[in-house]
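Colleague: Below you'll find the structure I mean.
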Amino acid sequence: MIIKPKVVEAMNAQIQSEFAASAQYVAIAVYFDEETLPDLAAFFYRQAEEEREHAMKFVHFMLEAGAKPIIPGLPEMRNDFESANDAVQFALDQEVKVTNQINNLVSIADAEKDYASSQFLQWFVTEQVEEVDSMTTLLNTIKHAGGALLLVEDFVRRMMAAGHHEEEEE
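In terms of our numbering, the sequence shown has 888 at position 81, counting the first letter as 1, and numbering is strictly consecutive.
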């Protein structure tokens, strides 16, 4: 095993965080689906898939490095939101939390002189900048729309989906 034990432990915790984020985004998507906001729902269903892919990146990296990934149970998800603003603020707060977790993982890998893990984690550092920016942009758009969520739907359809499409082509 080329990953240091402290890094394995932290990566297993991160696997749970990524799968939990995926499930939480499904819950947020369901909220928007129930509100008949299909573009916001689709955006969060895509986010859920991305988070699942992030978890799987950790799983595959750990297996390739000879470590045993632990697939966890999930904590209770938040399913009720007061408004679009509330749902997206919650998503932004979650992304900031994940960013802090990734930064902590990098610190652990660096302290353990686990250079393979540190290199692997750099992708996540960059990804979290994009994730926080995306949620911040969406939250600001909701605030600027002043409750006119059909304008937000149009924005998500035109801008957010286009940005996501570009990422898939890379």
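Positions of the beta carbon are idealized from the N, C-alpha and C atoms, including for glycine.
Please list the terminal residues of the continuous alpha helix (DSSP H) segment that includes Arg859.
Modeller: Position 52 of the sequence shown, counted from the start, is the residue given in the question as residue 859. Run containing Arg859: Pro845 to Glu871, per the alpha helix (DSSP H) assignment.
Colleague: Under the three-state reduction of DSSP, which class applies to Arg885: helix, strand or coil?
Modeller: If you number the sequence shown from 1, residue 885 lands on position 78. Of the three classes helix, strand and coil, the one that applies to Arg885 here is coil, per DSSP.
Colleague: Nearest to Ile810 by CA position, among Ala891, Leu946 and Val913, is which residue?
Modeller: Stepping through the sequence shown from its first residue, residue 810 is reached at position 3. Minimum Cα distance to Ile810 is reached at Val913.
Colleague: Whose C-beta lies closer than 6 angstroms to the C-beta of Gln823 among residues of the same chain, with five residues either side of it excluded?
Modeller: The residue given as residue 823 occupies position 16 in the sequence shown. So the list reads Pro879, once near-sequence residues are dropped.
Colleague: What does a CB cutoff of less than 8 angstroms around Pro873 pick up in its chain, not counting 5 residues either side in sequence?
Modeller: For the purposes of this step, residue 873 is taken as the residue at position 66 of the sequence shown. Note on identity: in this sequence residue 873 is Gly, with Pro being the wrong assignment. Taken in chain order, the residues that qualify are Met808, Ile809 and Ile810.
Colleague: I'd like to know whether the C-beta atoms of Val814 and Ala916 end up nearer to each other than 8 angstroms.
Modeller: Here residue 814 is taken as the residue at index 7 of the sequence shown, counted from 1. Here residue 916 is taken as the residue at index 109 of the sequence shown, counted from 1. Yes, the Cβ-Cβ distance between Val814 and Ala916 is below 8 angstroms.
Colleague: What are the boundary residues of the alpha helix (DSSP H) that includes Ser890?
Modeller: Numbered from 1 along the sequence shown, position 83 holds the residue referred to as residue 890. Here Ser890 belongs to no alpha helix (DSSP H), and DSSP marks it neither H nor E.
Colleague: Please report the residue range of the alpha helix (DSSP H) in which Lys950 lies.
Modeller: Indexing the sequence shown from 1 puts residue 950 at position 143. Taken as a continuous stretch (DSSP letters only), the alpha helix (DSSP H) holding Lys950 covers Tyr922 to Ala952.
Colleague: Is it the case that the segment 899-911 contacts the segment 939-952, given that we only count it when at least three CB pairs across the two stretches are under 8 angstroms?
Modeller: Yes, since at least three Cβ pairs between the segment 939-952 and the segment 899-911 fall closer than 8 angstroms, the two stretches touch.
Colleague: Is it true that the segment 858-876 meets the segment 841-849, where meeting means three or more beta-carbon pairs spaced less than 8 angstroms apart?
Modeller: Result no; under three Cβ-Cβ pairs closer than 8 angstroms.
Colleague: Measure the alpha-carbon distance for Leu958 versus Asp921 and round it to whole angstroms.
Modeller: For the purposes of this step, residue 958 is taken as the residue at position 151 of the sequence shown. For the purposes of this step, residue 921 is taken as the residue at position 114 of the sequence shown. Rounded to the nearest angstrom, the two C-alpha atoms are 47 angstroms apart.
Colleague: The alpha helix (DSSP H) that contains Pro876, what's its start and end?
Modeller: For this step, residue 876 is matched to residue 69 along the sequence shown. Pro876 -> no alpha helix (DSSP H), and no H or E assigned at all.
Colleague: Taking Ile949 and Val866 to be in contact with their CB atoms under 8 angstroms, please state how far apart those CB atoms are, rounded to whole angstroms.
Modeller: Translated into the one-based positions of the sequence shown, residue 949 becomes position 142. Translated into the one-based positions of the sequence shown, residue 866 becomes position 59. 34 angstroms between Cβ atoms; not a contact.
Colleague: Does the beta-carbon of Ser924 have 16 or more other beta-carbons within 10 angstroms, so that it is buried, or is it exposed?
Modeller: Position 117 of the sequence shown, counted from the first residue, corresponds to residue 924. With 16 or more other Cβ atoms within 10 Å, it is buried.
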